[in-house]
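Undergrad: Sequential numbering from 2 applies to the sequence shown in my numbering. The structure is given below, and queries will be raised subsequently.
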Amino acid sequence: MAQAPLAIPIPHPELGEIERAHLLAKRYRCEYVDLQNFKIQHELFKAVPVELMFRYNFVPLEQHEGRLIIAVSDPSKLMVLDEISGLLGQRLVTRVATLSQINELLKKTEQSQRVLEEATEGLTFDVLSSDDNPDENISIERLTSEDDISPIIRLVDTTIFSALERRASDVHIETYDDSLLVKYRIDGVLQLAMAPIAREHHQTILSRIKVMSELDIAERRVPQDGRFRVRYKGRLIDFRVSIMPTVHGENAVLRVLDKESMSEKFKKLSLDVVGFGEEDLARFRRYIKEPYGMVLVTGPTGSGKTTTLYAALNEIKSEEDKIITIEDPVEYQIRGITQIPVNEKKGLTFARGLRSILRHDPDKILVGEIRDAETAQIAINSALTGHLVFTTVHANNVVDVLGRFLNMGVEPYNFVSALNCILAQRLVRQNCDFCSVLVEYNDEQLVESGLNPEEWKDFKFREGTGCIECGGTGYRGRSAIHELLELDDEIRDMLLEKRPGSEIRRKAREKGMSFLRDSALQRVRAGITTLREINKVTFIEAMR
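Okay, here's the thing in structure tokens:
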């Protein structure tokens with residue numbers, strides 16, 4: 002039976018990492034171990050699957066009397082320790098080390114580093130099937146199980162596998178004069194995936210990715226775009242690949258499109274889970290149920306615009322209405338909706354596809370993105386002639402949208418008449434539920450964040466300290482913040498008169514509109530995210 006932890010206070014997040022690790026070790030009666038100059042037992046590391054070490058953030062130290070001694074940063078996660086024990090089929094003895102030291106050791110001993118030692122020139126590649134026969138896809142399980150597989154192929158596949166295990170949305174491969182860096186974008190933030198790779202392997206790694214994506218290996222001077230598919234845990238996952246030449250060689254970005262997993266989630270997707278405030282949610286629901294007009298969602302790339310529109314379509318779809326979408330690409334499939342992928346190589350652009358859609362007798366239309374004047378004009382005309390049009394455009398906030406359309410050469414009167422509402426959106430990282438603690442800020446820190454110290458006095462802010470579950474970041478998952486501009490006659494007139502943005506915002510606030518910063522502060526009050534995170538995503542406004 003496990004001993005009860007000593008009555009020692011939970012370490013405060015402001016303590017140093019080593020001090021915190023010492024306190025945790027004392028609290029849970031574990032031994033603290035300094036991994037700074039730890040001598041790695043290579044045979045022991047080879048015996049433990051590298052995916053497990055990365056997933057649970059632990060390192061094996063030694064095998065002693067039939068037990069495996071491991072170092073973790075948080076010994077309080079007993080269920081995680083039980084899971085490791087079950088997966089390895091061994092009884093464990095736990096030691097405590099700092100998360101940064103564990104991560105450093107994992108980087109040094111990453112499987113990719115071991116396979117790179119064996120890498121040689123003149124490697125051969127498996128040529129994948131063309132689009133005409135999409136059933137023959139790479140299976141990570143098949144590739145990693147073959148003994149005669151080349152080290153570079155194994156490295157690329159391990160990188161992809163680890164990205165999927167760690168919930169990455171993108172894999173970045175960056176080339177420098179002396180090395181190659183692999184980074185994962187997790188919850189919107191880039192994190193180093195492994196130790197730098199020697200520069201000499203750059204071309205073979207990029208060639209492998211090009212072969213998988215059916216791109217031209219010989220072409221290194223112009224950007225290339227492609228895609229490939231892998232089988233992971235029984236489901237097919239698409240990767241969208243972009244190759245870009247730089248001064249030091251080519252860079253690659255692989256976007257993960259897990260359609261099957263997301264399609265399952267999207268069956269139950271609604272606006273309730275997107276992150277709206279109560280008032281904005283009620284108003285937005287009213288606009289998506291209007292008989293005609295345009296619902297416009299704006300924000301930078303990767304701010305969840307498409308997800309919000311899918312959630313809206315999911316709520317309003319019915320057997321009585323025909324809903325058609327045109328997207329680039331169709332990232333998630335929704336049953337009951339006709340979805341068309343843009344294919345510019347074959348001449349199917351947003352504008353051409355939108356014209357065809359209008360001949361298919363739709364009730365509601367979703368245009369994935371408005372990029373040019375022709376698409377904008379057709380979408381506006383559709384909204385003015387009895388269709389409900391959902392679309393997105395890249396702009397910083399709701400007031401900047403008009404300028405964006407005017408730059409495309411759109412007639413302001415038609416555009417403003419067609420609009421029902423404009424929704425601006427951003428994503429903020431959520432606190433990790435496993436390691437969140439309550440902290441207080443002093444008056445100086447509150448003023449720096451544009452907050453009134455009197456109003457926020459004695460408020461307990463919730464922050465993640467970093468643990469195994471969140472990979473030491475303190476955040477796990479993301480939530481949306483919004484601002485919704487309703488187009489009444491007064492606001493329409495101000496937009497047509499090209500009044501300054503500050504004036505329009507002031508009038509909108511008088512009418513009860515809350516801005517992105519207000520929405521973000523609501524998330525902080527609710528303990529969903531941190532002050533530091535919202536300061537990174539929204540502008541700090543003057544104290545009020």
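Glycine included, every Cβ here is placed at the ideal spot set by N, Cα and C.
Does the count of Cβ pairs from the stretch 456-463 and the stretch 383-391 closer than 8 angstroms reach three?
TA: Flag = no, the stretch 456-463 and the stretch 383-391 do not touch.
Undergrad: Only counting the same chain, and skipping five residues up and downstream in sequence, which positions put a Cβ closer than 6 angstroms to that of residue 216?
TA: Locating residue 216 in the sequence shown gives position 215, counting from the first residue. Correct list, in chain order: 225, 227.
Undergrad: Anyone know if the C-beta pair for residue 306 and residue 393 falls short of 7 angstroms?
TA: For this step, residue 306 is matched to residue 305 along the sequence shown. For this step, residue 393 is matched to residue 392 along the sequence shown. Yes; because the gap between Cβ atoms is below 7 angstroms, this pair is in contact.
Undergrad: What's the C-alpha gap between residue 181 and residue 380?
TA: Numbered from its first residue, the sequence shown carries residue 181 at position 180. Numbered from its first residue, the sequence shown carries residue 380 at position 379. If you take the alpha carbons of residue 181 and residue 380, they lie about 44 angstroms apart.
Undergrad: Sort out for me which residues DSSP pairs residue 33 with in a bridge.
TA: Position 32 of the sequence shown, counted from the first residue, corresponds to residue 33. 97.
Undergrad: Quick test of the definition: if touching needs 3 or more C-beta pairs under 8 angstroms, does the stretch 425-441 touch the stretch 479-495?
TA: Counting Cβ pairs under 8 angstroms, three or more are found: they touch.
Undergrad: Counting C-beta neighbours from all protein chains within 10 Å, is the total for residue 503 16 or more, i.e. buried, or is it exposed?
TA: Numbered from its first residue, the sequence shown carries residue 503 at position 502. Residue 503 comes out exposed.
Undergrad: In this structure, does DSSP put residue 239 in helix, strand or coil?
TA: To locate residue 239, count along the sequence shown from 1; it is residue 238. Three-state result, residue 239: strand.
Undergrad: Using the beta-carbon count (16 or more within 10 Å), is residue 347 buried or exposed?
TA: To locate residue 347, count along the sequence shown from 1; it is residue 346. Exposed is the call here.
Undergrad: Find out if the Cβ-Cβ distance for the pair residue 32, residue 99 is shorter than 7 angstroms.
TA: Position 31 of the sequence shown, counted from the start, is the residue given in the question as residue 32. Position 98 of the sequence shown, counted from the start, is the residue given in the question as residue 99. The answer is no: Cβ separation not under 7 angstroms.
Undergrad: Looking only at its chain, what residues have a beta carbon closer than 8 angstroms to the beta carbon of residue 395, apart from the 5 residues adjacent to it on each side?
TA: Along the sequence shown, read from residue 1 onward, the residue named residue 395 stands at position 394. 299, 300, 301, 302, 370, 405.
Undergrad: Identify every run of the beta strand (DSSP E) within the stretch 412-484, keeping only runs that are complete inside it and at least 3 residues long; order them along the chain.
TA: Those beta strand (DSSP E) runs which fall completely within the stretch 412-484 and span 3+ residues are 420-432, 437-440, 462-465.
Undergrad: Skipping 5 residues on each side, what residues in its chain have a beta carbon closer than 7 angstroms to that of residue 447?
TA: Your numbering for residue 447 matches position 446 in the sequence shown. Closer than 7 angstroms at the Cβ level, and outside the excluded window around residue 447, lie 454, 457.
Undergrad: Could you round the C-beta distance between residue 62 and residue 72 to whole angstroms and report it? I think they count as a contact, below 8 angstroms.
TA: Within the sequence shown, residue 62 is the residue found at index 61, counting from 1. Within the sequence shown, residue 72 is the residue found at index 71, counting from 1. 6 angstroms between Cβ atoms; contact.
Undergrad: Going by DSSP, which residues form a beta bridge with residue 386?
TA: By one-based count along the sequence shown, residue 386 stands at place 385. DSSP, once it has assigned bridges, lists no residue as partnering residue 386.
Undergrad: So, helix, strand or coil for residue 27, using DSSP?
TA: Stepping through the sequence shown from its first residue, residue 27 is reached at position 26. Residue 27 falls in the helix class under three-state DSSP.
Undergrad: Quick check on the burial criterion: 16 or more other C-beta atoms within 10 angstroms. Buried or exposed for residue 465?
TA: If you number the sequence shown from 1, residue 465 lands on position 464. Flag for residue 465 reads buried.
Undergrad: Assuming residue 87 is part of the alpha helix (DSSP H), what are its boundary residues?
TA: As a first step, residue 87 must be located in the sequence shown, where it is residue number 86. It spans 79-89 - the alpha helix (DSSP H) in which residue 87 sits, taken as one unbroken run.
Undergrad: By DSSP, does residue 72 sit in helix, in strand, or in coil?
TA: Taking the sequence shown and counting its residues from 1, the one referred to as residue 72 is at position 71. The answer is strand: DSSP assigns residue 72 an E or B state.
Undergrad: Can you find the residues in the same chain that come closer than 8 angstroms, C-beta to C-beta, to residue 316, ignoring five residues on each side of it along the sequence?
TA: As a working note, residue 316 is residue 315 in the sequence shown. Correct list, in chain order: 271, 272, 286, 289.
Undergrad: What alpha helix (DSSP H) runs, 4 residues minimum, are completely inside the stretch 137-208?
TA: Correct list: 141-146, 152-166.
Undergrad: Which stretch, first to last residue, makes up the alpha helix (DSSP H) that contains residue 525?
TA: Stepping through the sequence shown from its first residue, residue 525 is reached at position 524. Counting along the chain, the alpha helix (DSSP H) containing residue 525 begins and ends at 517-526.
Undergrad: What is the DSSP secondary structure of residue 502, counted as helix, strand or coil?
TA: Translated into the one-based positions of the sequence shown, residue 502 becomes position 501. Residue 502 falls in the helix class under three-state DSSP.
Undergrad: Rounded to whole angstroms, what's the CA-CA distance from residue 161 to residue 505? Just pull it up for me.
TA: Within the sequence shown, residue 161 is the residue found at index 160, counting from 1. Within the sequence shown, residue 505 is the residue found at index 504, counting from 1. Taking the straight line joining both Cα atoms gives about 47 angstroms.
Undergrad: Helix, strand or coil for residue 391 per DSSP?
TA: Stepping through the sequence shown from its first residue, residue 391 is reached at position 390. It is a strand residue.
Undergrad: For my contact list, residue 340 and residue 350 are in at a C-beta cut-off of 8 angstroms; report their separation, rounded to the angstrom.
TA: Position 339 of the sequence shown, counted from the first residue, corresponds to residue 340. Position 349 of the sequence shown, counted from the first residue, corresponds to residue 350. Not confirmed; about 16 angstroms, so no contact.
Undergrad: For residue 365, report the span of its alpha helix (DSSP H) as first-last.
TA: By one-based count along the sequence shown, residue 365 stands at place 364. Residue 365 -> not in any alpha helix (DSSP H); beta strand (DSSP E) instead, spanning 365-368.
Undergrad: What is the residue span of the alpha helix (DSSP H) that residue 361 lies within?
TA: Your numbering for residue 361 matches position 360 in the sequence shown. Counting along the chain, residue 361 falls outside any alpha helix (DSSP H), and DSSP gives it neither H nor E.
Undergrad: What would DSSP say about residue 130, mapped onto helix, strand or coil?
TA: Reading the sequence shown from its first residue, position 129 is the one you call residue 130. A caution first: residue 130 carries a pLDDT of 42, below 50, which makes its placement in the model unreliable, though a value can still be read off. It is coil, neither helix nor strand.
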